[in-house]
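Here is the structure we will look at, set down as structure tokens.
Residue numbers (this note's numbering): 82 to 215.
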């Protein structure tokens, strides 16, 4: 598991965007818990929130009442995929839900298409926006 520190990316709920998005850690509260993050989408800096306060907590398959982490969500999607992963190349075209193998970040799942040439990919420890279909 990757040790968190300032400058790393994490999944955090952004109150301005009203979504759980990739954010860059600005300040750490402890060695394991971020305090302040900067949303990579809207660029606002706010307190780290793993989930929205008004939403019901997502439960994982680990047991009743345990919150699912981004790594749990990633593992569940990779485990339940029926298609083999494809080697990442910016020249290739990818679809939502497709597994890719990236040389730096490892296996990821295409979460959404941002536009014709950008996709958002959930990796085990981060979310990245990458080019495709060039």
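In this text, a Cβ means the ideal position worked out from N, Cα and C, and glycines have one as well.
No experiment lies behind these values; they were computed from the predicted model shown.
Between the CA atoms of residue j and residue i - distance to the nearest angstrom
i: residue 113; j: residue 208; result: 18 Å
i: residue 116; j: residue 110; result: 5 Å
i: residue 178; j: residue 192; result: 6 Å
Proximity to residue i [Cα-Cα], best of the options
i: residue 187; options: 194, 168, 173 and 195; result: 168
i: residue 180; options: 200, 195 and 109; result: 200
i: residue 104; options: 120, 152 and 184; result: 120
i: residue 195; options: 183, 185, 174 and 182; result: 174
i: residue 123; options: 95, 108 and 90; result: 95
Residue i: CB within 7 Å of a non-hydrogen atom of the ligand FMN
i: residue 131; result: Of ligands this structure carries none, so the ligand FMN is not represented either.
Contact set for residue i: own chain, Cβ-Cβ below 6 Å, skip 5 residues either direction
i: residue 158; result: 190
i: residue 125; result: 97
Under the three-state DSSP convention, the category residue i falls into
i: residue 209; result: strand
i: residue 35; result: This structure does not reach residue 35, given that the chain is present from 82 up to 215, and the question cannot be answered.
Which ranges would you report for the beta strand (DSSP E) in the segment 143–207 if only whole runs of at least 3 residues count?
180–183, 187–196 and 199–204
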